[in-house]
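Residue numbers (the working numbering): 9 to 127. This report refers to the structure that appears directly beneath it.
Set out below in structure tokens:
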């Protein structure tokens, strides 16, 4: 059976992983109820990335993520928001454009917009 459309190949992950923002450390000035290291360990970034791809590919709601594969939908969504705030998706888009431009070439000087407005 072939790979699912949201599964990330090793080759693709090797290009994505360097762009993934580092996890923020706990604020040493803030008082926390739990000791450091308490609670569940965060899911690996690759699993989170695949979960985001699953949502984008299937169009499902965050809460409909298969927990047995991706874990907590809330945790995945929280990481999605963190990555978005850190500029990860824009960096990924820019890297993809640069790679495509290198391989195929993008006519940056020529652009066309096609649109239609229908009542």
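Where is the CB? At the ideal position from N, CA and C, for every residue including glycine.
One alpha carbon belongs to residue 25, the other to residue 13, and they sit about 18 Å apart.
In this structure residue 63 is not in contact with residue 87, their Cβ atoms being roughly 12 Å apart against a cut-off of 8 Å.
In this structure, residue 29 places its C-beta atom within 9 Å of the C-beta atom of residue 96.
A straight line joining the alpha-carbon of residue 102 with that of residue 109 spans about 10 Å. Assigned with DSSP and collapsed to three states, residue 61 falls in helix.
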